[in-house]
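Engineer:
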Ligand code: ADP
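Numbering (my numbering), first residue to last: 326 to 761.
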């Protein structure tokens, strides 16, 4: 028991003793005791009333003055209230700081709830997505931003990769959107303005495209002269080897220039490939004939192709990607090896696979193979006569078609390049016959 309680007990005992003594001398002890206890109780009820009013109605920190145990009770309540106020104030300060810092951020932030309704957004999000506060808070974002790429992304629940799109509100404004799920079914949408980055990227692509274009004409002239010189018997006798080497190198430069032009075109084209049906069986037979005529690799290519399965896309792009994979397989597989091309339905779409039993690729190089001019081994690259741009082209073509490239390889045993196309890019022959 605390000192205050002992004191309170002492006061009560003194009151009761005084009542007893008074009753003893004057008479009616019971009445004196009753009156004393009634006064004591009334005092308690009065203080309870004051406490209730102070807690319930007084928002300030002024504490009513008191005596005895009630002074302690009021004091403790006062301390609790003070601590609570300080905590609240600190929280408000923190929230204010967070709000100010997010408001100052150049990137947009939108908090969405389980059903995709906007709960909060910062200034940048309002500016980039044309959202208004408070009118749009509580609205479904999918109803306010009806972009053909954004709505499926928002509803997909697969947010590993961000998406890039041209703003539906301002022409020429490029946005990068990523969603981060958190808490219980809440999502944070991050919006970045990537217009500057796009402009720089476009400038770089344009520069490469222009430089490649400018190199084309001198190369054609050089090749023409070289062909003429190689046909001249006297010159051939004297300069045969250097002329062959020069011819070989100009052919390589021509191939690099045309691959660079193809890459620039693929890079600058943001839109998806069209949904025109491509007869893959026919396309693959053409690629096989061309690959065999190169005179590299095995004497035959095994085809396992589902002729009823069509791909919806851009035929020239698909030809470029698939032929790159088949030509690579032939380049990096010895004569006694084998190359198999498969085109088949999968549980979620269809897959085009080129498997070879060639030299293979060490695992450390696989993640970087689709980078421009990436070489596994410089001498191997030079021998093969490749441009180093083939797989970069494959990657871009697949991106245009919503497909992904998977590479499995084991040095000395061979490689497998698989292009996985989503269901919406696949159709059956019967569908075209039906719609024709
Ligand atoms: P390249 O024109 O040099 O073939 P690619 O971009 O097509 O350029 O390929 C990049 C590198 O990947 C090649 O230099 C080669 O080392 C490796 N590569 C590609 N395909 C195969 C394959 N089927 N087997 C072994 N290595 C391969």
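Glycine included, every Cβ here is placed at the ideal spot set by N, Cα and C.
Looking at the unbroken alpha helix (DSSP H) that takes in residue 620, where does it start and where does it end?
Structural biologist: Taken as a continuous stretch (DSSP letters only), residue 620 belongs to no alpha helix (DSSP H), as it is neither H nor E.
Engineer: Can you tell me which of the three DSSP states residue 482 falls into?
Structural biologist: Correct three-state label for residue 482: coil.
Engineer: To the nearest angstrom, how far is the alpha carbon of residue 520 from that of residue 674?
Structural biologist: Each residue's Cα considered, the two are about 34 Å apart.
Engineer: Could you name the residues of the same chain whose beta carbon sits closer than 6 Å to that of residue 630, not counting the 5 residues immediately before and after it, in chain order?
Structural biologist: Here the set comprises 606, 609, 668.
Engineer: Ordered along the chain, which non-local residues of its own chain (more than five positions away) have a Cβ less than 6 Å from that of residue 584?
Structural biologist: Closer than 6 Å at Cβ, skipping near neighbours: 712, 714.
Engineer: Check whether the Cβ atoms of residue 591 and residue 725 sit closer than 8 Å, and answer yes or no.
Structural biologist: Contact: yes.
Engineer: Taking 7 Å as the cut-off, does the CB of residue 733 come closer than this to any heavy atom belonging to ligand 1?
Structural biologist: Result no, Cβ not under 7 Å from ligand 1.
Engineer: If you draw a straight line from the C-alpha of residue 761 to the C-alpha of residue 597, how long is it?
Structural biologist: Interpretation of residue 761 is limited by its pLDDT of 39, a score under 50 that renders its predicted location unreliable; no figure is taken from the coordinates.
Engineer: Identify whether residue 526 lies in helix, strand or coil by the three-state DSSP scheme.
Structural biologist: Three-state result, residue 526: helix.
Engineer: Suppose contacts are defined by Cβ-Cβ distances below 8 Å. Is residue 454 in contact with residue 470 by that definition?
Structural biologist: Yes.
Engineer: Using a threshold of 7 Å, is the CB atom of residue 649 nearer than that to any non-hydrogen atom of ligand 1?
Structural biologist: True, at least one ligand heavy atom lies under 7 Å from that Cβ.
Engineer: Going by C-alpha to C-alpha distance, which of 639, 690, 514 sits closest to residue 503?
Structural biologist: Measuring from the Cα of residue 503, the nearest candidate turns out to be 514.
Engineer: Could you tell me whether any non-hydrogen atom of ligand 1 is closer than 7 Å to the CB of residue 583?
Structural biologist: No, the Cβ of residue 583 stays beyond 7 Å of every heavy atom of ligand 1.
Engineer: So for residue 575, helix, strand or coil by DSSP?
Structural biologist: Of the three classes helix, strand and coil, the one that applies to residue 575 here is helix, per DSSP.
Engineer: In terms of alpha-carbon separation, which member of 423, 651, 576, 450 lies closest to residue 435?
Structural biologist: It is 450.
Engineer: Assign residue 741 to one of three DSSP states: helix, strand, or coil.
Structural biologist: Strand.
Engineer: Let me confirm a value: residue 638 is counted as buried when at least 16 other C-beta atoms fall within 10 Å, else exposed. Which label applies?
Structural biologist: The residue is buried, with at least 16 neighbouring Cβ atoms inside 10 Å.
Engineer: Leaving out the 5 sequence neighbours to the left and right, which residues in its chain are closer than 8 Å to residue 748 when beta-carbon positions are compared?
Structural biologist: Around residue 748: 673, 674.
Engineer: Is the distance from the Cβ of residue 745 to the Cβ of residue 676 below 8 Å?
Structural biologist: Yes, Cβ-Cβ distance for residue 745 and residue 676 is below 8 Å.
Engineer: How would you call residue 459, buried or exposed, if buried means at least 16 neighbouring beta carbons within 10 angstroms?
Structural biologist: So residue 459 counts as exposed.
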